[in-house]
Amino acid sequence: MSGSTDNSVNSRRTFAIISHPDAGKTTLTEKLLLQGGAIHLAGEVKARGAARRARSDWMKIEQQRGISVTSSVMTFERTDPDGNTITFNLLDTPGHEDFSEDTYRTLTAVDSAIMVLDAAAGIEPQTLKLFEVCRLRSVPIITLINKIDREGRDAFELLDEIAEKLALDVSPMNWPVGMGGLFEGVFDFEENKLRLPEGDGKEYRGKVVSVEGANDPKLAEFLSPEGVARVAEEGLLAREGYAPFDYEAYRNGDLTPVYFGSALKQFGVTEVIDAIAKYAPPPRPQPSDDGEISPERDEVTGFIFKVQANMDPNHRDRIAFMRQVSGTFKRGMKLTPSGLGKPIAVHSPIMFFAQDREIADTAQPGDIIGIPNHGTLRVGDTLSENNDVRFTGLPNFAPEILRRVILKDPTKTKQLRKALDDLSEEGVIQVFYPELGAQWIVGVVGQLQLEVLVSRLSAEYKVEAVLEQSPFSTARWVLGPEAPLAEFERFNSANLARDRDGDIVFMAKSPWDVNYQAEKHTDLTFSATKER
Ligand code: GDP
Numbered sequence: 028m029s030g031s032t033d034n035s036v037n038s039r040r041t042f043a044i045i046s047h048p049d050a051g052k053t054t055l056t057e058k059l060l061l062q063g064g065a066i067h068l069a070g071e072v073k074a075r076g077a078a079r080r081a082r083s084d085w086m087k088i089e090q091q092r093g094i095s096v097t098s099s100v101m102t103f104e105r106t107d108p109d110g111n112t113i114t115f116n117l118l119d120t121p122g123h124e125d126f127s128e129d130t131y132r133t134l135t136a137v138d139s140a141i142m143v144l145d146a147a148a149g150i151e152p153q154t155l156k157l158f159e160v161c162r163l164r165s166v167p168i169i170t171l172i173n174k175i176d177r178e179g180r181d182a183f184e185l186l187d188e189i190a191e192k193l194a195l196d197v198s199p200m201n202w203p204v205g206m207g208g209l210f211e212g213v214f215d216f217e218e219n220k221l222r223l224p225e226g227d228g229k230e231y232r233g234k235v236v237s238v239e240g241a242n243d244p245k246l247a248e249f250l251s252p253e254g255v256a257r258v259a260e261e262g263l264l265a266r267e268g269y270a271p272f273d274y275e276a277y278r279n280g281d282l283t284p285v286y287f288g289s290a291l292k293q294f295g296v297t298e299v300i301d302a303i304a305k306y307a308p309p310p311r312p313q314p315s316d317d318g319e320i321s322p323e324r325d326e327v328t329g330f331i332f333k334v335q336a337n338m339d340p341n342h343r344d345r346i347a348f349m350r351q352v353s354g355t356f357k358r359g360m361k362l363t364p365s366g367l368g369k370p371i372a373v374h375s376p377i378m379f380f381a382q383d384r385e386i387a388d389t390a391q392p393g394d395i396i397g398i399p400n401h402g403t404l405r406v407g408d409t410l411s412e413n414n415d416v417r418f419t420g421l422p423n424f425a426p427e428i429l430r431r432v433i434l435k436d437p438t439k440t441k442q443l444r445k446a447l448d449d450l451s452e453e454g455v456i457q458v459f460y461p462e463l464g465a466q467w468i469v470g471v472v473g474q475l476q477l478e479v480l481v482s483r484l485s486a487e488y489k490v491e492a493v494l495e496q497s498p499f500s501t502a503r504w505v506l507g508p509e510a511p512l513a514e515f516e517r518f519n520s521a522n523l524a525r526d527r528d529g530d531i532v533f534m535a536k537s538p539w540d541v542n543y544q545a546e547k548h549t550d551l552t553f554s555a556t557k558e559r
């Protein structure tokens, strides 16, 4: 059955996969797309048409490195046994070590996430960073402990590590019957099913045995005596030793259901996507200056979480990615961007929800729409029909790498300022203008952004610049009552800068510096994030 598309809000799941490089995100993504009929890959959209003729240098960097600097959107559908069709919008976050604020911001546009861990590695640094961003917004997480077809760490140890490092309750939903050479299958606690490998590759091809429970003698027909013990003893111990799955706790971001699997061998893949369908929240209300905006609101509203710029440097064309929050969007509709104040007609939106040949004309809450524009749309902008809402909670993140920008040709100061303002509006970098001294500082969260910056300055703005070490290692937005803030400014002007919105930022030489100031000035807040 091709299935009619259910457009109700409850049929959408907008999510991301967070992981450390090499944990298996790409493999899982591929398997998910194979499982559901992939409707559209954002990459195809990029490849279409003349916009591809000239590429700017930063896209060359992407190519050379074989990585994607930018996130994209993949939409696919699945119909469950009851005939309900769920539409999944998977927003890709770059998996490479060099990631940018884009990665973080993408997480502001999702309603839930799958966290993929390598069974041999557990929680790794990038997983932790991304998890913290999810926690900031109480984004619920489903965990896949991947690569159990290889030697991994002890399953209990992995569960304990998640619980400890992430301060989350963990609830094992299935159990690995051995790992690596001893791998015999996966036991599903929820449905009392044993999923078994087949063939030389020991893949999962759908061989399932239903049993009465973890003690069912029937298991011995399919597993070695050690395997039977793993299910009956370890499995039950795990079930009893950890929290039972609790829907509310998961939705609040306090508990993560944990699935063991192997994306490569297709174990755990159906389970995690079914879990997204069953448990993950449909499009959530979004915070705004006028309270929460419900997806049920009639008016079309949304916010820009990402701008992908300059596919063609001569035309300065950009695609702004809007996460739709409410209403039914129709092609050609007029929306007012908060940054512009006057409406624009969205005639040629890129809709990721488009069947092979037919072009989608509408989008629903939870969907992502790509809006081509010439720089009018900025990250953080709200778009709405009536221009009466401003979404909040799209944070900037304190950069972890700071560099001084040195102009090769000092007469180009004006061009440089324009370029830095533009690029920071796009979210490529953050820029800090020191209170004292003339050397501007750029901040990024990933090394690759620096290369992107230098090549875009040159290619698009004809500004040749080099980046030098800066004496600062991190930045904090300083907030507080007027008087203590003014006092703080008076005594610390050598370490203060303004961001592009003119807000005051403390430039710290070390994390110790931040702690010291925070302890000294208890009436001020030194924030690692800033909401627009
Ligand atoms: P990403 O960097 O997180 O996107 O990771 P990839 O999906 O590219 O996987 C990294 C490597 O691990 C690749 O060589 C994959 O083939 C391999 N891999 C991914 N999942 C599994 C798995 O379940 N089992 C095994 N044995 N290898 C896997």
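All residue numbers for the sequence shown refer to my numbering, where the first residue is 28 and numbers rise by one. C-beta atoms are modelled at their ideal positions from N, C-alpha and C, and glycine is treated no differently. Since we're looking at a predicted model, the values are computed, not measured.
Using a threshold of 8 Å, is the CB atom of residue i nearer than that to any non-hydrogen atom of the ligand GDP?
| i | result |
| --- | --- |
| A492 | no |
| A140 | no |
| R180 | no |
| I175 | yes |
| D49 | yes |
| L59 | no |
| L117 | no |
| T403 | no |
| A290 | yes |
| L55 | yes |
| V299 | no |
| S46 | yes |
| V143 | yes |
| K52 | yes |
Give every residue of the same chain whose Cβ lies closer than 6 Å to the Cβ of residue i, excluding the five residues on either side of it in the sequence, and list them in chain order.
| i | result |
| --- | --- |
| D383 | In this prediction, D383 scores a pLDDT of 41, lower than 50, which makes its location untrustworthy; no coordinate-derived value is stated. |
| A241 | V258, A259, G262, L263 |
| V406 | I331, V334, G454 |
| T484 | Sequence check: residue 484 is Leu here, not Thr. Closer than 6 Å at the Cβ level, and outside the excluded window around L484, lie A446, V490, A492. |
| T549 | none |
| I45 | A140, M142, L157 |
Please tell me whether residue i has its Cβ less than 9 Å away from any Cβ of chain B.
| i | result |
| --- | --- |
| A247 | No chain B is present in this structure, which holds just one protein chain. |
Does residue i pass the burial test, meaning 16 or more other C-beta atoms within 10 Å, or should it be called exposed?
| i | result |
| --- | --- |
| G574 | Lying before the first or after the last residue shown, residue 574 is absent from the chain, which here runs from 28 to 559. |
| Y274 | exposed |
| Y131 | buried |
| E211 | buried |
| Y277 | buried |
| E225 | exposed |
| Y543 | exposed |
| S411 | buried |
| S365 | buried |
| A50 | buried |
| E385 | Caution is warranted here: a pLDDT of 43 is assigned to E385, below 50, making its placement in the model unreliable, and the coordinate value is therefore given only provisionally. The residue in question, E385, is exposed, as its Cβ has fewer than 16 Cβ neighbours within 10 Å. |
| W202 | buried |
How is the alpha helix (DSSP H) around residue i delimited, first residue to last?
| i | result |
| --- | --- |
| K489 | From DSSP, K489 is part of no alpha helix (DSSP H); its letter is neither H nor E. |
| E267 | 263-268 |
| A524 | It is not in any alpha helix (DSSP H) - A524 instead sits in the beta strand (DSSP E) that spans 523-525. |
| N400 | Counting along the chain, N400 falls outside any alpha helix (DSSP H), though it belongs to the beta strand (DSSP E) covering 395-400. |
| G254 | 252-256 |
| Q580 | The structure shown has nothing for residue 580, since the chain only spans 28 to 559. |
| L246 | Where L246 is concerned, there is no enclosing alpha helix (DSSP H), given that its DSSP letter is neither H nor E. |
| V541 | 538-547 |
Which residues in the same chain have their Cβ closer than 8 Å to the Cβ of residue i, if we skip the five residues on either side of it in sequence?
| i | result |
| --- | --- |
| N11 | One cannot answer for residue 11 here, as it falls past the ends of the chain, which runs 28 to 559. |
| L494 | R430, R431, V432, I433, V469, L477, L480, V481 |
| H374 | R358, G359 |
| V560 | This structure gives no information on residue 560, because the portion of the chain shown stretches from 28 to 559. |
| G228 | K292 |
What first and last residue would you give for the beta strand (DSSP E) that runs through residue i?
| i | result |
| --- | --- |
| W202 | 201-204 |
| V469 | 468-471 |
| G454 | Neither: G454 is in no beta strand (DSSP E) and is coded neither H nor E. |
| D19 | The structure shown does not extend to residue 19, since the chain spans only 28 to 559, so no value can be given for it. |
| T363 | 361-364 |
| E275 | Per DSSP, E275 belongs to no beta strand (DSSP E); it is in the alpha helix (DSSP H), 274-278. |
| R105 | 100-106 |
Excluding the five sequence neighbours on either side, which residues of its own chain have a C-beta within less than 7 Å of the C-beta of residue i, listed in chain order?
| i | result |
| --- | --- |
| S537 | S500 |
| R180 | A146, A147, G149 |
| R350 | A136, G329, F330, F332, I395 |
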